[in-house]
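Just so we're aligned: the sequence shown equals residues 1 to 129 in the working numbering. By construction, the Cβ of each residue, glycine as well, lies at the ideal position given by its N, Cα and C atoms. Quick caveat, the model's predicted, so the values are computed rather than measured. To keep things clear, I will list the structure first and then write my remarks on it.
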Amino acid sequence: MRIKLASIPVGDQDKALAFYTEILRFVKKHDIPMGGPRWLTVVSPEDPEGTELVLEPNASYPAMKALKESLVKDGIPITAFQVDDIQKEYERLKGLGVVFKSVPKQMGPVWAAVFDDTCGNLIQIYQVS
């Protein structure tokens with residue numbers, strides 16, 4: 001058993017694709033028309049055959065809106081991405097206008113920071129010391 005797909009709920013797939021590719025530097029893997037929302041995935045350029053992140057349209061799931069709002073209200077990231085140098089990535093993303101909810105801080109052997117992905121989700125970046 002392997003993890004091949006993970007989903008991020010988004011309201012606007014085009015906006016999400018722009019953020020996840022242009023700002024976070026992921027690479028579009030699949031963009032398949034499905035008669036409305038698309039099957040849209042991105043991958044890490046460092047692991048193009050690895051886990052795909054599905055930019056999952058959430059307009060048809062009312063419960064998802066409530067879940068996302070609750071997570072954001074409580075400051076809980078929906079997922080996390082590992083980086084090699086958190087301070088460098090934090091500065092790069094801030095320079096591109098990404099809004100951070102927390103600065104990089106040490107939590108045991110891990111450094112972490114949380115930002116808004118412009119799609120209604122909080123995302124954590126982390127570095128293992």
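Per-residue burial, residue i [other beta carbons within 10 Å of its own, 16 or more giving buried]
i      : result
Ala18  : exposed
Tyr61  : exposed
Gln82  : exposed
Asp117 : buried
Other residues of its chain near residue i: CB distance less than 8 Å, five sequence neighbours each side excluded
i     : result
Leu71 : Pro77, Ile78, Asn121 and Leu122
For residue i, three-class secondary structure by DSSP
i      : result
Asp116 : strand
Asp14  : helix
Thr51  : coil
Ile23  : helix
Span of the alpha helix (DSSP H) around residue i
i     : result
Ile86 : Ile86 to Gly95
Ala63 : Pro62 to Asp74
Proximal residues to residue i (C-beta, below 7 Å), its chain only, five neighbours per side dropped
i     : result
Lys68 : Pro9, Gly120 and Asn121
Trp39 : His30 and Ile32
Bounding residues of the beta strand (DSSP E) (the contiguous stretch that carries residue i)
i      : result
Ser129 : Per DSSP, Ser129 belongs to no beta strand (DSSP E) and is neither H nor E.
Lys4   : Careful: Lys4 lies outside any beta strand (DSSP E) and carries neither H nor E.
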